[in-house]
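Q: The structure that follows is given in the form of structure tokens.
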Amino acid sequence: MARQMDAESASVVRGFRPNLYKTTLCLAYQSLGIVYGDLSISPIYVYKSTFSGDLHLYEDDHEILGVLSIVFWTLTLIPLCKYIIFVLGADDNGEGGTFALYSSLCRHSRMGLLNTVHPAHERISSYCSEIPTKDTRMSLLIKEFFEKHKSSQIVLLLVVFLGTGMIIGDGILTPTMSVLSAVYGIRIKAPDLHENYTVFIACIILVGLFALQHYGTHKVGFLFAPIMLIWLLCISGVGMYNIFRWNPRVIGALSPYYIYNFFRKTGRIGWSSLGGVVLCLTGTEAMFADLGHFSKLSIRIAFTGLVYPCLVLAYMGEAAYLSKNKMDISSSFYKAIPEVMFWPVLIIATLASVVGSQAIISATFSIVSQCRALRCFPRVKIKHTSNQIHGQIYIPEVNWMLMMSCLAVVIGFRDTRMIGNAYGLAGVTVMFITTCLMFLIISTVWKKNVLLAVLFFVVFGSLELLYISACLGKVHHGGWLPLLFALVIVSLMSIWNYGTMKKDAFELENKVSLDRLLSLGPSLGIARVPGICLLYSNVAFGLPPMFAHFVTNFPAFHHTLIFVTLKSLMVPKVPVVERFHVNRIGPPELSIFRCIVRYGYKEVRDCYNFETQLIEKVAEFLKQESTIEDMTVRGQSPNHISAAVGNEVCHDIAEQRRKEVSGGSGEQWSNTGFQSLGSCQEMKKLMEAREAGGVAYMMGNPYIVASGVSPFLKKFAINIVYGFLRRNCRRPAIALGVPHTSLLEVGMFYQV
Numbered sequence: 209m210a211r212q213m214d215a216e217s218a219s220v221v222r223g224f225r226p227n228l229y230k231t232t233l234c235l236a237y238q239s240l241g242i243v244y245g246d247l248s249i250s251p252i253y254v255y256k257s258t259f260s261g262d263l264h265l266y267e268d269d270h271e272i273l274g275v276l277s278i279v280f281w282t283l284t285l286i287p288l289c290k291y292i293i294f295v296l297g298a299d300d301n302g303e304g305g306t307f308a309l310y311s312s313l314c315r316h317s318r319m320g321l322l323n324t325v326h327p328a329h330e331r332i333s334s335y336c337s338e339i340p341t342k343d344t345r346m347s348l349l350i351k352e353f354f355e356k357h358k359s360s361q362i363v364l365l366l367v368v369f370l371g372t373g374m375i376i377g378d379g380i381l382t383p384t385m386s387v388l389s390a391v392y393g394i395r396i397k398a399p400d401l402h403e404n405y406t407v408f409i410a411c412i413i414l415v416g417l418f419a420l421q422h423y424g425t426h427k428v429g430f431l432f433a434p435i436m437l438i439w440l441l442c443i444s445g446v447g448m449y450n451i452f453r454w455n456p457r458v459i460g461a462l463s464p465y466y467i468y469n470f471f472r473k474t475g476r477i478g479w480s481s482l483g484g485v486v487l488c489l490t491g492t493e494a495m496f497a498d499l500g501h502f503s504k505l506s507i508r509i510a511f512t513g514l515v516y517p518c519l520v521l522a523y524m525g526e527a528a529y530l531s532k533n534k535m536d537i538s539s540s541f542y543k544a545i546p547e548v549m550f551w552p553v554l555i556i557a558t559l560a561s562v563v564g565s566q567a568i569i570s571a572t573f574s575i576v577s578q579c580r581a582l583r584c585f586p587r588v589k590i591k592h593t594s595n596q597i598h599g600q601i602y603i604p605e606v607n608w609m610l611m612m613s614c615l616a617v618v619i620g621f622r623d624t625r626m627i628g629n630a631y632g633l634a635g636v637t638v639m640f641i642t643t644c645l646m647f648l649i650i651s652t653v654w655k656k657n658v659l660l661a662v663l664f665f666v667v668f669g670s671l672e673l674l675y676i677s678a679c680l681g682k683v684h685h686g687g688w689l690p691l692l693f694a695l696v697i698v699s700l701m702s703i704w705n706y707g708t709m710k711k712d713a714f715e716l717e718n719k720v721s722l723d724r725l726l727s728l729g730p731s732l733g734i735a736r737v738p739g740i741c742l743l744y745s746n747v748a749f750g751l752p753p754m755f756a757h758f759v760t761n762f763p764a765f766h767h768t769l770i771f772v773t774l775k776s777l778m779v780p781k782v783p784v785v786e787r788f789h790v791n792r793i794g795p796p797e798l799s800i801f802r803c804i805v806r807y808g809y810k811e812v813r814d815c816y817n818f819e820t821q822l823i824e825k826v827a828e829f830l831k832q833e834s835t836i837e838d839m840t841v842r843g844q845s846p847n848h849i850s851a852a853v854g855n856e857v858c859h860d861i862a863e864q865r866r867k868e869v870s871g872g873s874g875e876q877w878s879n880t881g882f883q884s885l886g887s888c889q890e891m892k893k894l895m896e897a898r899e900a901g902g903v904a905y906m907m908g909n910p911y912i913v914a915s916g917v918s919p920f921l922k923k924f925a926i927n928i929v930y931g932f933l934r935r936n937c938r939r940p941a942i943a944l945g946v947p948h949t950s951l952l953e954v955g956m957f958y959q960v
């Protein structure tokens, strides 16, 4: 019998492994079009940008081969060693990117300022199952430093905002640089073509690219991977052809000696040229940022097995061609293509540039959605473009702003050299921010020896700082552009987050206890009307001031009240079974409930089924409450009522609920005609209320201003910038999908 079971288990394992291999290889193939589009098209402009400055004075084999050696070791150290080996291992339950690293830090320590959720509300079973490891002495010191110094938490958040701003800026520069570089290839065969025509063609392609975004990447996604596969095979094939035809000795340039020789001969000019070499790294951060759509193994297989060797061959082949054709330095990529293959490669290059642009545009949509979920970005419309893949979204406002910015850069700069200076600074800054966050991850989350974290930072951070210094040297030649984008985006995110926190703090300070509202009940003559009312607020305990203001002026509310609080946690996703936390407020005869609905920063809320799900959860709560009553009648010991929703509700939530319930007696509401009902009857009344009066929605519409004694900077941020953003972003009711005919907004005045 045991042998038979072993044979069956062995057959299951043998059947599972081929499926795993097949799935992994399929994901690796798909990642070519989504993850590696930007990185794969960089050979078009790297050598051109590197030799566009004063370095053209040193066009002999030593300098050309020195640049090749720098490109090779840069690709080896940063994408291959740093990202493939280390950074991909720092995923946040399968999710990657700047916010994933920040989320992991916030969950394992108190470094974050976005932890606005009550600790008990933030507990998710799938994220609490990790086996705790002992903190090292240095990890404790780092955590204590961040906990004691709030300014360090602010700096950390601003660094994350800066990385986010640079990535969004990358969403402007990538389509511009990629498409314009590809289109300029036409002038190789038509040198008399005026620059205005190439700019016009590039603008037409960009407009078409952004106009197609509302269809979603899933409609054209099947084209992405084949295009990039053909592109990689083309550039590697052309590279091998050029190596053997022009200069096979370029293989020796893989030796680091050529880097030393390069800087020895070129000096400061060689350092300045690193602003062009860094373009070989553009798109590297996508390997980590797009991790949620693939697996770590598939991304590693695709890069090490295909992308990395193809890029190395492409750069070696172009260097071999340049070593014998130094006059073609300004257009070496297209001049190195054999005559018979020129037009096919040009067409594929244009398509590949569109694919690379699509990848960063989709990533920008995803990042803006994450920032919006964590209330660091104004409310925008988010449209799902795929029924199968929940993460594929389209944001119209962001799409058209990206398009207008791209067109402005193309028409304003017209020169890929200046755009390249801006492009390189944006990309390498994000990589350096990732290195800084990885230092904290290694020391405080992985709890490794701090020397390992320091070694990681020194090896990779010093290289990235070298590139940043070279890019900053070209600030006056276009490098100011990503700094301007980042400044605008960081300011916008910071002011929106600051204003939102001030609004929440005001509501929390002015919340109303249930006892106070009950004491006013008889004097106000509060009446109950049929139906259910969902009252949205950010107050998780007590009653929001907006509700007290409404009841004081209009002493009536619905038979069933459900206070709904939406919370975004510092986790990628919240399991559906743990999404809703339902509690009762006050005695049962009041029929008042609170539901805390939790989402991860990667999730987009489903507005259409939300009402049905919420009422079902309340009905489930009443059903389980009825079960507890039956157990009590039979003399058994039931669990506390707050644990009757099938989720973990911690002691402090239960204690808070007891405070809400205490003091509220049914006698104070005897004139309303409601008497204590059993849970079964109450569940029946809930369904009858929904049928009789339907569902109404109530939310506040506050007018927020800074107090008169506030400093000028705060008044400018709150009254002007934050006020402008609130007036022009999507209204909360629209963002939540609330029907306009069932909405009741309560005007409030907040002086923060």
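Take 209 as the starting number for the sequence shown in my numbering and just add one per residue. C-beta: ideal position from N, C-alpha, C; glycine also.
1) Mind checking who residue 300 pairs with in its DSSP beta bridge?
2) Taking the continuous alpha helix (DSSP H) assigned at residue 495, which residues delimit it?
3) Using the C-alpha atoms, what's the distance from residue 829 back to residue 716?
4) Ends of the beta strand (DSSP E) at residue 748?
5) Am I right that residue 827 and residue 891 are in contact with their C-beta atoms under 8 Å? What's the rounded C-beta distance?
6) Using 8 Å for Cβ pairs, my map puts residue 386 next to residue 655. What's the rounded Cβ distance?
7) Distance check for residue 535 and residue 708, CA to CA, integer angstroms please.
8) Unbroken alpha helix (DSSP H) runs of length 4 or more, entirely within the segment 541-588: which are they?
9) Between residue 519 and residue 249, what straight-line distance do the alpha-carbon atoms span, to the nearest angstrom?
10) Give me the Cβ distance between residue 304 and residue 499, rounded to the nearest whole Å; I'm assuming they're in contact under 8 Å.
11) Below 8 Å on the Cβ atoms is my contact criterion, and I expect residue 767 with residue 747 to pass it. Report the Cβ-Cβ distance as a whole number of Å.
12) Excluding the five sequence neighbours on either side, which residues of its own chain have a C-beta within less than 6 Å of the C-beta of residue 324, listed in chain order?
13) Look at residue 288 and residue 516 and say whether their C-beta atoms are less than 8 Å apart.
14) Is the beta carbon of residue 470 sitting closer than 8 Å to the one on residue 235?
15) Are the Cβ atoms of residue 557 and residue 252 separated by less than 8 Å?
16) Output the distance between the C-alpha atoms of residue 413 and residue 937, rounded to the nearest integer angstrom.
17) Given a cut-off of 8 Å, decide if residue 787 and residue 805 are closer than it, judged by their beta-carbon atoms.
18) What distance in whole Å lies between the Cβ atoms of residue 394 and residue 382, which are believed to be in contact at a cut-off of 8 Å?
19) Tell me whether the beta-carbon of residue 703 lies closer than 8 Å to the beta-carbon of residue 925.
20) Give me the Cα-Cα distance between residue 633 and residue 669, rounded to the nearest whole angstrom.
21) Mind checking who residue 737 pairs with in its DSSP beta bridge?
22) Which word fits residue 532, buried or exposed, when buried means at least 16 other C-beta atoms lie within 10 angstroms of its C-beta?
23) What are the boundary residues of the alpha helix (DSSP H) that includes residue 201?
24) For residue 871 and residue 798, I'd like the C-alpha separation in whole angstroms.
25) Beta carbon of residue 380, beta carbon of residue 542: below 8 Å?
26) Can you tell me whether residue 272 is helix, strand or coil according to DSSP?
27) State whether the segment 547-554 contacts the segment 568-578, with contact taken as three or more CB pairs (one from each stretch) at a distance under 8 Å.
28) Just to confirm my understanding: we take residue 421, look at its own chain, exclude 5 residues before and 5 after, and list those with CB closer than 7 Å. What are they?
29) Using the C-alpha atoms, what's the distance from residue 770 back to residue 883?
30) Along the chain, where does the beta strand (DSSP E) that runs through residue 903 open and close?
31) Could you please give the first and the last residue of the uninterrupted alpha helix (DSSP H) stretch that includes residue 754?
32) Residue 774 to residue 822, Cα distance in whole Å?
33) Give me the residue from 619, 647, 672 with the minimum Cα distance to residue 283.
34) Does residue 811 come out as helix, strand or coil in the three-state DSSP assignment?
35) Using the three-state DSSP reduction, which class does residue 856 fall into: helix, strand or coil?
36) Note the first and the last residue of the continuous alpha helix (DSSP H) segment covering residue 519.
A: According to the data block:
1) Bridge partners of residue 300: 303.
2) Counting along the chain, the alpha helix (DSSP H) containing residue 495 begins and ends at 494-497.
3) Roughly 26 Å separates the two Cα atoms.
4) That residue, residue 748, is in no beta strand (DSSP E); it is neither H nor E in DSSP.
5) That belief holds up - the Cβ atoms of residue 827 and residue 891 are roughly 6 Å apart, short of 8 Å.
6) With a Cβ gap of about 41 Å, residue 386 and residue 655 do not count as contacting.
7) The straight-line gap from Cα to Cα measures roughly 58 Å.
8) The segment 541-588 is shown to contain whole alpha helix (DSSP H) runs of 4 or more residues at 550-581, in chain order.
9) In a straight line, the C-alpha of residue 519 is about 9 Å away from that of residue 249.
10) So it is a contact: roughly 3 Å between Cβ atoms.
11) The pair is not a contact, with the Cβ atoms about 22 Å apart (cut-off 8 Å).
12) Reliability fails at residue 324, whose pLDDT of 49 lies under 50, so the model's placement of it is uncertain and no value is given.
13) The answer is yes: Cβ separation under 8 Å.
14) Against a cut-off of 8 Å, the Cβ pair of residue 235 and residue 470 comes out as no contact.
15) Less than 8 Å separates the beta-carbon of residue 557 from that of residue 252.
16) So the two alpha carbons sit approximately 29 Å from each other.
17) The Cβ atoms of residue 805 and residue 787 sit closer than 8 Å to each other.
18) Not a contact, Cβ separation roughly 20 Å.
19) Going by C-beta atoms, residue 703 is nearer than 8 Å to residue 925.
20) In this structure, the straight-line span from the alpha carbon of residue 633 to that of residue 669 is close to 14 Å.
21) Bridge partners of residue 737 according to DSSP: 766.
22) Result: exposed.
23) What is shown of the chain runs 209 to 960, which leaves residue 201 out entirely.
24) Residue placement at residue 871 cannot be trusted, given a pLDDT of 39 that sits under 50; the coordinates are not used to answer.
25) One thing to note: residue 380 has its Cβ no nearer than 8 Å to the Cβ of residue 542.
26) Reduced to three states, the DSSP call for residue 272 is helix.
27) The segment 547-554 is not in contact with the segment 568-578.
28) Excluding sequence neighbours, residue 421 sits near 569, 602, 607.
29) With a pLDDT of only 40 at residue 883, under the threshold of 50, the placement of this residue in the model should not be trusted; the figure read from the coordinates follows. Cα-Cα distance, rounded: 19 Å.
30) Looking at the DSSP string, the run of the beta strand (DSSP E) that includes residue 903 is 903-913.
31) 753-761 is the span of the alpha helix (DSSP H), which, as asked, contains residue 754.
32) Going from the Cα of residue 774 to the Cα of residue 822 covers about 12 Å.
33) The shortest Cα separation from residue 283 among 619, 647, 672 belongs to 672.
34) Shown here, residue 811 sits in coil according to DSSP, grouped into three states, outside any helix or strand.
35) With a pLDDT of 41 at residue 856, under the threshold of 50, the predicted position of this residue should be treated as unreliable, though the coordinate-derived value follows. Shown here, residue 856 sits in coil according to DSSP, grouped into three states, outside any helix or strand.
36) Run containing residue 519: 516-532, per the alpha helix (DSSP H) assignment.
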